[in-house]
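The numbering used here puts the first residue of the sequence shown at 13, with every later residue one more than the last.
Working notes, structure below.
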Amino acid sequence: MREWVRRERKEGRRIGLVPSMGALHEGHLTLALEASAACDRVIVSIFVNPTQFGPGEDFEAYPRTLASDAEKLAALKVVDVIFAPAVEEIYPMGTNVTWVTVDQMGDYLCGSTRPGHFRGVTTIVARLFAICEPDEAVFGLKDAQQFFILKRMTAEMGFGVVLRGVPTVREPDGLAMSSRNRYLTPEERAAAPLLNRVLSEARETLMRQGPVDVNTMLSKARQRLESEPRCRVDYVQLVDTATLQPLERVRSGDEVLMALAAFFGAARLIDNVIVTIP
Ligand code: PAF
């Protein structure tokens, strides 16, 4: 991988990386197209990273569909390399002793219920940056917390990689595309667009001129979700995008992230809105 990248860079080509865990859907393909619009060469990495899954999470069950992923990427005609290493290549010593951690920004949202998750993400992405030496890396904003943490890591570590965040791609009924949507039963799938509806209503509240009582807005959102019997709420929170710390009050000019996670049966789904307060 490194030899190929170095050859391409020598030729003056700009390298774009799309890190993924495979089970590709239209959202991922959009990331590859974005990378190709900004760069001369595109690498898509496919690696189900064990260190970002906690005990009892879906590491074993996570879909591994390399052959059909490769077909989808070939049809797109913009991807030069699929980098799909084995776990032993990435973690040759078994358990890592070297970790990249970003303090505080992982304390809330998914960090509060998935301890160790972001440490796994920052470590693997740092490792992919070291191997692929990209000029740019493209991520989906469905994982907004991940994106803001990686942006901070990249700036503070001086990796010299430009990070692009691409808006969430949705199904026609508003459900955010996710590799985990395939875990949903037909009934759960029919109920799941509620996540997006609740967030859209919150966005309207936040965009309305005048003071917003954040806690009331969040408990209303939670109640709306809990009124659906198939939905089990993990969290509904509103944070500042720069610090990822909770906000009780919003002020004009603030950029805020309202994010939620909820279980529908076996599937833990996340979604969010990013709003600049008028
Ligand atoms: O967003 C994902 O698919 C993963 O968290 C990432 C960034 C590929 C790291 O494993």
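Glycine included, C-beta positions come from ideal geometry on N, C-alpha and C.
As the structure is a computational prediction, the values presented were derived from the model and not from experiment.
Under 8 angstroms between C-beta atoms of residue i and residue j
i: residue 206; j: residue 250; result: no
i: residue 170; j: residue 159; result: no
i: residue 247; j: residue 272; result: yes
i: residue 214; j: residue 276; result: no
i: residue 144; j: residue 17; result: yes
i: residue 154; j: residue 39; result: yes
i: residue 161; j: residue 118; result: yes
i: residue 222; j: residue 180; result: no
i: residue 175; j: residue 29; result: no
i: residue 27; j: residue 146; result: yes
i: residue 92; j: residue 150; result: no
Residue i to residue j span [Cα, whole Å]
i: residue 225; j: residue 261; result: 7 angstroms
i: residue 85; j: residue 32; result: 12 angstroms
i: residue 270; j: residue 109; result: 34 angstroms
i: residue 50; j: residue 19; result: 19 angstroms
i: residue 208; j: residue 188; result: 8 angstroms
i: residue 3; j: residue 245; result: There is simply no residue 3 to check, as the chain begins at 13 and stops at 290 in what is shown.
i: residue 216; j: residue 193; result: 26 angstroms
i: residue 114; j: residue 123; result: 11 angstroms
i: residue 173; j: residue 166; result: 7 angstroms
i: residue 278; j: residue 69; result: 10 angstroms
i: residue 133; j: residue 125; result: 15 angstroms
i: residue 36; j: residue 47; result: 15 angstroms
i: residue 290; j: residue 116; result: 27 angstroms
i: residue 283; j: residue 102; result: 29 angstroms
i: residue 234; j: residue 264; result: 25 angstroms
i: residue 274; j: residue 195; result: 13 angstroms
i: residue 168; j: residue 254; result: 14 angstroms
Neighbourhood of residue i by C-beta, 8 angstroms cutoff - its chain only, sequence neighbours within 5 removed
i: residue 96; result: 34, 57, 58, 59, 78
i: residue 220; result: none
i: residue 45; result: 88, 90
Beta-carbon proximity list for residue i, same chain, < 7 angstroms, skipping 5 on both sides
i: residue 199; result: 242
i: residue 94; result: 56, 58, 82, 85
i: residue 252; result: 259, 266, 268
i: residue 135; result: 63, 108, 111, 112
i: residue 197; result: 277
i: residue 13; result: 95, 143, 144
i: residue 99; result: 62
beta-carbon residue i near the ligand SAM non-hydrogen atom, thresh 7 angstroms
i: residue 80; result: Among the ligands modelled here, namely the ligand PAF, the ligand SAM does not occur.
Given residue i as reference, the closest of the options once Cα atoms are compared
i: residue 42; options: 90, 158, 147; result: 90
i: residue 52; options: 74, 24, 274, 71; result: 24
i: residue 75; options: 179, 286, 191; result: 191
i: residue 137; options: 61, 257, 287, 232; result: 61
i: residue 288; options: 100, 281, 218; result: 218
i: residue 186; options: 233, 73, 285, 66; result: 285
i: residue 131; options: 65, 72, 100; result: 65
Residue-level contact to chain D via CB, residue i, 8 angstroms cutoff
i: residue 112; result: Among the chains of the structure shown, chain D does not appear; only one protein chain is present.
Close beta carbons around residue i, own chain, < 6 angstroms, minus the five adjacent residues each side
i: residue 121; result: 157, 249, 271
**Request:** Mind listing which residues have their beta carbon within less than 6 angstroms of any non-hydrogen atom of the ligand PAF? Chain order is fine.
**Result:** 31, 32, 33, 61, 64, 133, 136, 137, 155, 158
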